[in-house]
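For the sequence shown, the numbering used here assigns the number 19 to the initial residue and increments by one for each residue that follows.
Beta carbons are placed, not taken as given, at the ideal position from N, Cα and C, and that holds for glycine.
Being a predicted model, the structure only gives us computed values, none of them experimental.
For reference, the structure discussed in these notes is given below.
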Amino acid sequence: MKKIPLFDLKLSVASKREVTSVLNSGWLSTGPKVVSFEKKVCSLMKVPYGVAVNSATIGLQLAMQAIGVGPGREVITTPFTFVATVNAIMALGAQPVFADIDPNTLNIDPDEIDRKFTARTGAVVPVDLAGHPADYNRIMKLCNRATVPLIADSAHSIGAAYGKKSIPLVADAAVVSFYSTKNLTCGEGGMVLSRHQPFMEMVRLLSRHGLTSTAHERRKNAVPLYDVVRPGHKAAMSELHAAVGLGQLADFKKQQKQREKLAKRYHDNLAGLTDYLESPVTYKNCRHGWHLFIIRLHLSSLKIDRDRFIDLMARRGIECGVHYRPVFEYSFYRNYLSLSPQFFPNAAYAGKRVVSLPFYPTLKLTEVDRVCEGVESVVIRHRR
Ligand SMILES: Cc1ncc(COP(=O)(O)O)c(C=O)c1O
């Protein structure tokens, strides 16, 4: 029987056309395609400013650096994330401070954030896990009270909305990812988005070694000289990556609709299995971005653990994943930051029970049915 992967990608004809035009253009590094991609993503998200970078990881780093995060500062974030969130904080020499999660959405719990503010807090960085927005109303209120900026790790949530607004409009800034598996991909890439102009000018400078112009601008305008106004990073996006993204953008809204349809089919099919698992929830006031479809197993109703569940699904030709093991499960963070699961009971339990089911726009509804039949047969056969 045909295998069903966790993730699949079919590049559009438009992406191939855009890439060919870059290959024929005589310029592959940052240039007009990047400018056009920035404008289109800003327009999609209705945000005034966007800076394209070569990963969301560096985007998070630049955004935090631009607001003064560095040695001696703390950044409050979630332990239930991909390690990039934490590594971006540590790359600046700042201290990550973790707040436990809401077990329903798997997103950072605002009450826990409130307990973690100190005089050293330089930023709060929630993650919109799987595409579900963090609780921005409450987090923004806490940040305003503490006069601490709110930078959203929106690597998963380009298609999401909070109270009808895209995430960069309900935080001080948001960083999206265009990694291969993401809802909108460039292969590699990210974008910092915000309504704060001076902040975004700083992010742009930091993304190009502090140079006042790009090589393409100097060539186009026949102005060979530039100034360097501060040290920065080599973080700008290339034309080739922007071209892939531009092509993908043409289908983005259609693909989001397809993701919604697939999520609904999963919900409908799994509705009878609530003794054994929970499907993802969507809180009122939120539009889920549907990057991942993560179920949570009721381990007390099953004789098998999550890893065995995934193994049994694989034997049926269905690939599942884990998003995520909390960062304190990894030896480096556990040892270096002296973390213990007992400080984060919700994240610790979630890390043992989450399973990501196959999810991508070209997945067929009949394949969703096959995945759900697999889930049902495994949980029924191994129930307590
Ligand atoms: C939650 C989260 N934050 C940040 C990143 C980093 O994104 P990138 O791979 O574009 O650097 C990822 C990537 O998967 C992610 O899942």
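Residue i, DSSP secondary structure in three states
i: phenylalanine 311; result: strand
i: arginine 402; result: coil
i: isoleucine 328; result: helix
i: alanine 81; result: helix
i: arginine 236; result: helix
i: alanine 173; result: coil
i: leucine 187; result: helix
i: isoleucine 76; result: helix
i: cysteine 161; result: helix
i: cysteine 304; result: strand
i: tyrosine 180; result: strand
i: lysine 382; result: coil
i: serine 358; result: coil
i: valine 397; result: helix
i: phenylalanine 119; result: Correcting the residue type first, residue 119 is isoleucine in the shown sequence and not phenylalanine. Three-state DSSP puts isoleucine 119 in a strand.
i: alanine 366; result: helix
Presumed contact (8 Å Cβ cut-off) between residue i and residue j, rounded CB distance
i: leucine 229; j: valine 246; result: 6 Å
i: serine 172; j: isoleucine 185; result: 5 Å
i: isoleucine 176; j: asparagine 201; result: 6 Å
i: valine 397; j: tyrosine 294; result: 4 Å
i: valine 340; j: serine 319; result: Rounded, the Cβ-Cβ distance is 19 Å, inconsistent with contact.
i: lysine 51; j: valine 40; result: 6 Å
i: valine 104; j: valine 345; result: 5 Å
i: leucine 211; j: methionine 63; result: 6 Å
i: glycine 265; j: serine 43; result: Not a contact, Cβ separation roughly 15 Å.
Beta strand (DSSP E) segment containing residue i, residue limits
i: methionine 212; result: What sits at residue 212 in the sequence shown is serine, not methionine. Where serine 212 is concerned, the enclosing beta strand (DSSP E) stretches over 208 to 212.
i: leucine 114; result: Note on identity: in this sequence residue 114 is proline, with leucine being the wrong assignment. Its beta strand (DSSP E) spans residues 113 to 116.
i: threonine 139; result: 139 to 143
i: glutamate 92; result: 92 to 95
i: glycine 68; result: 67 to 71
i: valine 340; result: No beta strand (DSSP E) contains valine 340, which DSSP labels as neither H nor E.
i: valine 373; result: 372 to 375
Alpha helix (DSSP H) segment containing residue i, residue limits
i: glutamate 36; result: 31 to 41
i: alanine 260; result: 257 to 267
i: valine 221; result: 215 to 225
i: leucine 280; result: 270 to 288
i: leucine 62; result: 50 to 63
i: serine 349; result: 349 to 354
i: threonine 203; result: Taken as a continuous stretch (DSSP letters only), threonine 203 belongs to no alpha helix (DSSP H), as it is neither H nor E.
i: lysine 252; result: Where lysine 252 is concerned, there is no enclosing alpha helix (DSSP H), given that its DSSP letter is neither H nor E.
i: alanine 109; result: 102 to 109
i: lysine 134; result: 128 to 134
Length of the line joining the Cα atoms of residue i and residue j
i: lysine 302; j: threonine 38; result: 44 Å
i: valine 115; j: arginine 334; result: 41 Å
i: glycine 140; j: alanine 109; result: 15 Å
i: leucine 223; j: glycine 250; result: 7 Å
i: glycine 86; j: valine 221; result: 12 Å
i: arginine 237; j: leucine 243; result: 10 Å
i: aspartate 132; j: glycine 77; result: 25 Å
i: lysine 13; j: phenylalanine 25; result: The requested residue 13 does not occur in the structure, where the chain is confined to residues 19 to 402.
i: isoleucine 169; j: valine 31; result: 35 Å
i: glutamine 79; j: serine 195; result: 13 Å
i: arginine 277; j: tyrosine 197; result: 17 Å
i: leucine 160; j: isoleucine 126; result: 13 Å
i: histidine 174; j: glycine 263; result: 16 Å
i: methionine 19; j: alanine 332; result: 12 Å
i: threonine 99; j: asparagine 239; result: 43 Å
i: arginine 401; j: leucine 317; result: 9 Å
i: valine 13; j: threonine 165; result: Because the chain here runs from 19 to 402, residue 13 falls outside it and cannot be looked at.
i: leucine 124; j: glutamate 391; result: 25 Å
i: alanine 106; j: serine 395; result: 41 Å
i: leucine 315; j: glutamate 296; result: 6 Å
Counting Cβ pairs, one atom from each stretch, are 3 or more of them under 8 Å apart for the region 198 to 210 and the region 245 to 264? yes
Looking at C-beta atoms only, is the number of pairs between the region 88 to 99 and the region 59 to 77 that lie closer than 8 Å three or more? no
Is it a yes or a no for the region 361 to 369 touching the region 383 to 395, going by three-plus beta-carbon pairs under 8 Å? no
Contact between the region 120 to 138 and the region 94 to 112 (3+ Cβ pairs under 8 Å): yes
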